[in-house]
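To start, the structure itself, in structure tokens.
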Amino acid sequence: MERSKLRTGFNRATFGLLVILGVGLYLWLLANLSPILLERDREGSVWYLHHLANQTIEESHELKGTGTAEDRKKLLVEAAELLDRVRELRPDSDYYEYLWAVTDYQAKTFEREEEPEALGEAVSRLETMWEEEDEESRQLANLLSYHYLYIQPDAEKARMFLTRLIDMKPENGLAYERLVDLELAEGNRGKALELLEEMLNRDLISSSYREKLARLYFEQDRWTEAESELSANLAGGAMTSETWLLYGLIKAIEGENRASLEALRSYLGGADANHPFPTRPTEDRLGYPSRTFPSFPYLALEASISEAPEGAK
Numbered sequence: 007m008e009r010s011k012l013r014t015g016f017n018r019a020t021f022g023l024l025v026i027l028g029v030g031l032y033l034w035l036l037a038n039l040s041p042i043l044l045e046r047d048r049e050g051s052v053w054y055l056h057h058l059a060n061q062t063i064e065e066s067h068e069l070k071g072t073g074t075a076e077d078r079k080k081l082l083v084e085a086a087e088l089l090d091r092v093r094e095l096r097p098d099s100d101y102y103e104y105l106w107a108v109t110d111y112q113a114k115t116f117e118r119e120e121e122p123e124a125l126g127e128a129v130s131r132l133e134t135m136w137e138e139e140d141e142e143s144r145q146l147a148n149l150l151s152y153h154y155l156y157i158q159p160d161a162e163k164a165r166m167f168l169t170r171l172i173d174m175k176p177e178n179g180l181a182y183e184r185l186v187d188l189e190l191a192e193g194n195r196g197k198a199l200e201l202l203e204e205m206l207n208r209d210l211i212s213s214s215y216r217e218k219l220a221r222l223y224f225e226q227d228r229w230t231e232a233e234s235e236l237s238a239n240l241a242g243g244a245m246t247s248e249t250w251l252l253y254g255l256i257k258a259i260e261g262e263n264r265a266s267l268e269a270l271r272s273y274l275g276g277a278d279a280n281h282p283f284p285t286r287p288t289e290d291r292l293g294y295p296s297r298t299f300p301s302f303p304y305l306a307l308e309a310s311i312s313e314a315p316e317g318a319k
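First residue of the sequence shown: 7, per my numbering; consecutive thereafter.
As structure tokens, then:
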């Protein structure tokens, strides 16, 4: 009997000890493994939400040119909401903060007429991020320069961001082109010429911007340099109808009648048969200096094409 009681007591004590050990082990596992499991769960949620946001953004981009602005806006708003949840899960991540800010801005651009203040807040947020990154983010500088060029035009701010883009990456041809167009639109033709010459020296100039360079040379009576740039376009097969006209004028001014007539024939071949030579509004659009006309009258040029002898220069 005594032995049975002892055995029962021992079993109970053993069971109690095992319970204590089990509870202790459970608490230890809970304390040490729960953060890992929670972190894995959070990472899974972040990945999933980020993946959904990317898909939604891609859907919005695919609708560009085919879908309505309202459809694109709804998708971007949805993507911004998903990324907002991601940044709440990952408040320590600058990357997710950046993605959310950019997507939120893109969504707000569709509401700029109805809610300009909301767009202003989104832009201000991007500018703050730009400053916090010591003005070293090309992505933000490019986005903000585009905004101040085309969304809410501000020449000074657009110029600042474009200049910074060029400073960060001197071979950025697109930033150069946008800055040239900005300076021309602002009437800063000297600065535009300076930028175009930089593009030329850095081998960044395209045929269309080479033509702009030639026109600016033309304005300054720098015939040889203007002809050189147009000749480069000619050699590359990049002559437009309007470029042929400018080339013909330069050749005529230099006294090369034969070359001038050939260029003007090429121009006339691509011109409107009813209005073969530009009207004054077209002259202004092309950027030709008004002093060139009527001192070099179009009608005389047109007549000379048919009347010039074969032996003309």
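Ideal Cβ placement from N, Cα and C applies to all residues, glycine included. All values derive from a computational prediction rather than experimental measurement.
- Going by C-alpha positions, E233 is about 12 Å away from A269.
- The stretch 69–77 makes no contact with the stretch 92–106: fewer than 3 CB pairs, one atom from each, lie closer than 8 Å.
- Judged by their CB atoms, V92 and V52 are nearer to each other than the 7 Å cut-off.
- Taking 4 residues as the shortest admissible run, the stretch 147–219 contains the following complete alpha helix (DSSP H) segments, listed from N- to C-terminal end: 161–174, 179–191 and 195–207.
- One Cα belongs to E231, the other to L251, and the distance between them is close to 16 Å.
- DSSP, reduced to helix, strand and coil, places T109 within a helical segment of the structure shown.
- Nearest to K114 by alpha-carbon distance, out of A147, A258, A238 and Q158, is Q158.
- Taking one beta carbon from each stretch, the stretch 207–224 and the stretch 174–187 have 3 or more pairs nearer than 8 Å; the two touch.
- Assignment of G275 by DSSP, reduced to helix, strand and coil, places it in the helix class.
- Taking 7 Å as the cut-off, the Cβ atoms of Y154 and A164 count as close.
- Here E204 is not near L219, since their CB atoms are 7 Å or more apart.
- L69: not part of any alpha helix (DSSP H); DSSP gives it neither H nor E.
- Taken atom to atom, the span from the alpha-carbon of E120 to that of D110 is near 16 Å.
- Around the beta carbon of G254, 16 or more other beta carbons lie within 10 angstroms, which makes this residue buried.
- For the alpha helix (DSSP H) assignment, the uninterrupted runs of no fewer than 4 residues enclosed by the stretch 213–258 are, from N- to C-terminal side, 213–225 and 229–241.
- Assignment of E268 by DSSP, reduced to helix, strand and coil, places it in the helix class.
- When the Cα atoms are used, E103 and K70 turn out to be separated by approximately 25 Å.
- The beta-carbon separation of E177 and L210, rounded to 7 Å, stays under the 8 Å limit for a contact.
- Distance from the Cα of V129 is smallest, within the candidate group E141, M166 and L150, for L150.
- The DSSP-derived three-state label of S130 is helix.
- Using a 10 angstroms sphere on the CB of Y101, the tally of other CB atoms stays under 16, which defines it as exposed.
- Judged by DSSP in its simplified three-state form, D90 adopts helix.
- Judged by their CB atoms, L125 and R118 are nearer to each other than the 7 Å cut-off.
- If you check the CB distance, Q61 and L82 do not come in under 7 Å.
- Distance from the CA of H56 to the CA of D173, rounded to the nearest whole angstrom, comes to 33 Å.
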